[in-house]
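Data first, discussion second: the structure below is written as structure tokens.
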Amino acid sequence: MIEKMKFLQLLNVAQKANQPFHEVVLVEQMLEDGSDPLEMKSKVRSLLHTMLEVAEYNYGKVQKTLVGLCGNNAYLLSLYEPKVMSEFMHTAMVAALSVAEANASMKKIVACPTAGSCGVMHGMIYALAKVMRIDEDRLVNGLIVAGIFGDIIAKTVSISGSVAGCQAEIGTAAAMASAMIVYVLTQDAEKSSHAAALCLKSLMGLVCDPIGGYVEVPCVKRNAVAVAVAIASAEMALSGIKSVIPFDEVVEAMAKVGKSLPEELRETGHGGIAGTKTACSILQSLRSGVVEEN
Ligand code: SF4
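Per the numbering used here, the sequence shown starts with residue 890, numbered consecutively.
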């Protein structure tokens, strides 16, 4: 992918060339590694198909997860009639829980941007397709743009919870999803960057603290909450609200925060939620083979 390319540089290229941002992303990729833009687009299309299939197949199902700390969250939310949230958010959250629980059950998912945070992007793409009936070409372009935001974060910080905390996984997923919504609806890359920046600022410092090191609690439900943060950030950006701090600088700040996180808050299963009394007693139950699924 594009080496050390910042968002602002890419935006300048797109504006000077008067070309759609997603096309510029593909061309920059070609300049960097020789990949054919048409082939890249077709790979993204194939990923999109897989993500939609995975979300559809697992939607609202009860799953048997590796250690049984989750598995019926998607099912419960799918049966629930929302009181305040929109149909779009409800569908995206159910799909996010469904795919995150599928991941916890070792089923096929697209690790976009990572396996632990895969629910966010699957959920958003599914809701855009199912509820808003966005056509496939626009979804492909949105996914290309989401990808470049994720790529910039990966190259500047990391997308691994063990390196920079959950801000790097769930935070990145939410930023990508938020940018994707805005791009799909407006084709405005600058607005998309504000959505991504608003998201990252809201999730900055989020620690990686899975109970026992298993990607179940708090990971699965965090995927659904991140969907809500991504939607809120996208709606703000669509309304014209800007992030005072530009996306590239937010990512640099995120890198510094990631470096300052102690080891116990970076996927070791010791700190944060993993270090609570209840988590310790769950771990003991796991060792003796008694776990209450939730
Ligand atoms: S808590 Fe850690 S393992 Fe779980 S989703 Fe976040 S980064 Fe991934």
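A virtual CB, placed ideally from N, CA and C, is assigned to each residue, including glycine. All of these numbers come straight from a predicted model, not from anything done at the bench.
Tell me the DSSP bridge mates of residue i?
{"i": "C1097", "result": "R1155"}
For residue i, which option in the options has the closest C-alpha, if you only look at C-alpha atoms?
{"i": "M1021", "options": "L1074, H1159 and L1175", "result": "L1074"}
{"i": "L1089", "options": "D1077, V1052 and V1046", "result": "V1046"}
{"i": "S1081", "options": "S975, G1101 and A1123", "result": "A1123"}
{"i": "G1050", "options": "I998, E1152, E912 and T939", "result": "E1152"}
{"i": "I1048", "options": "M1143, L899 and T1167", "result": "M1143"}
{"i": "Q1076", "options": "S935, L1032 and F977", "result": "L1032"}
{"i": "D1040", "options": "V1114, A1084, P971 and Q918", "result": "Q918"}
{"i": "N1030", "options": "I1042, R1176, F910 and C1169", "result": "F910"}
{"i": "K1148", "options": "L965, C1055, S975 and E1079", "result": "C1055"}
{"i": "M940", "options": "N1112, M1013 and M1125", "result": "M1013"}
{"i": "T1003", "options": "A989, D925 and A1016", "result": "A989"}
{"i": "L965", "options": "L1150, S1177, A1168 and A1113", "result": "A1113"}
{"i": "L968", "options": "A985, K950 and F977", "result": "K950"}
{"i": "A993", "options": "N907, A963, E976 and K1019", "result": "A963"}
{"i": "M995", "options": "E928, G960 and C1097", "result": "G960"}
{"i": "S1091", "options": "S1128, Y1103, F1136 and G1129", "result": "F1136"}
{"i": "G1101", "options": "I1042, K905, S935 and R1176", "result": "R1176"}
{"i": "E1141", "options": "G1129, A1043 and K932", "result": "A1043"}
{"i": "K1019", "options": "E970, Y948 and V902", "result": "Y948"}
{"i": "G1129", "options": "Y946, D922, Q1173 and A1084", "result": "A1084"}
{"i": "Y1103", "options": "L1172, V1139 and F1038", "result": "L1172"}
{"i": "R1111", "options": "S987, K972, E970 and N907", "result": "S987"}
{"i": "V1139", "options": "M1093, S1174 and L1150", "result": "M1093"}
{"i": "A1016", "options": "K997, G1005, E976 and Y946", "result": "E976"}
{"i": "G1005", "options": "T1061, H938 and E970", "result": "T1061"}
{"i": "L1150", "options": "K972, L920 and C1097", "result": "C1097"}
{"i": "K930", "options": "G1036, G1178 and C1169", "result": "G1036"}
{"i": "C1001", "options": "F1038, K972, V973 and M974", "result": "F1038"}
Report yes if the C-beta of residue i is less than 7 Å from at least one heavy atom of ligand 1; otherwise report no.
{"i": "C1097", "result": "yes"}
{"i": "G1158", "result": "no"}
{"i": "P1002", "result": "no"}
{"i": "S1067", "result": "no"}
{"i": "E1058", "result": "yes"}
{"i": "S1006", "result": "yes"}
{"i": "P1107", "result": "yes"}
{"i": "G1164", "result": "no"}
{"i": "C1169", "result": "no"}
{"i": "L959", "result": "It should be noted that the sequence gives Cys, not Leu, for residue 959. Outside the cutoff, so no."}
{"i": "V999", "result": "no"}
{"i": "V1104", "result": "yes"}
{"i": "G1012", "result": "no"}
{"i": "C1055", "result": "yes"}
{"i": "G923", "result": "no"}
{"i": "G1039", "result": "no"}
{"i": "G1094", "result": "no"}
{"i": "G1101", "result": "no"}
{"i": "G1147", "result": "no"}
{"i": "R1027", "result": "no"}
{"i": "G1129", "result": "no"}
{"i": "G1050", "result": "yes"}
{"i": "R934", "result": "no"}
{"i": "N1111", "result": "Sequence check: residue 1111 is Arg here, not Asn. For ligand 1, at least one heavy atom lies less than 7 Å from the Cβ of R1111."}
If I'm right that residue i touches residue j with Cβ under 8 Å, what's the distance once you round it to whole angstroms?
{"i": "V835", "j": "V1034", "result": "Nothing can be reported for residue 835: it is not among the residues displayed for the chain, which extend from 890 to 1183."}
{"i": "G1160", "j": "P1099", "result": "11 Å between Cβ atoms; not a contact."}
{"i": "A1057", "j": "S1132", "result": "Going by Cβ atoms, the distance from A1057 to S1132 rounds to 19 Å, so no, they are not a contact pair."}
{"i": "L900", "j": "E1156", "result": "Going by Cβ atoms, the distance from L900 to E1156 rounds to 33 Å, so no, they are not a contact pair."}
{"i": "I1059", "j": "L1095", "result": "6 Å"}
{"i": "V1071", "j": "A1126", "result": "5 Å"}
{"i": "V943", "j": "A991", "result": "7 Å"}
{"i": "V999", "j": "L936", "result": "6 Å"}
{"i": "V916", "j": "P926", "result": "6 Å"}
Quiz item: Given 8 Å as the limit, is there contact between the region 1015-1031 and the region 949-965, that is, 3 or more CB pairs closer than that?
Solution: For the pair of segments examined, the region 1015-1031 was found not to touch the region 949-965: the number of CB pairs separated by less than 8 Å stays below three.
Quiz item: Quick check: the region 1060-1067 against the region 1110-1122, are there 3 or more CB pairs under 8 Å?
Solution: They touch, by the three-pair rule.
Quiz item: Do three or more CB pairs link the region 1091-1109 to the region 1162-1171 at distances below 8 Å?
Solution: With three or more CB-CB distances shorter than 8 Å, the region 1091-1109 counts as touching the region 1162-1171.
Quiz item: Is the region 965-982 touching the region 1006-1021, taking contact as three or more C-beta pairs under 8 Å?
Solution: Yes, the region 965-982 is in contact with the region 1006-1021.
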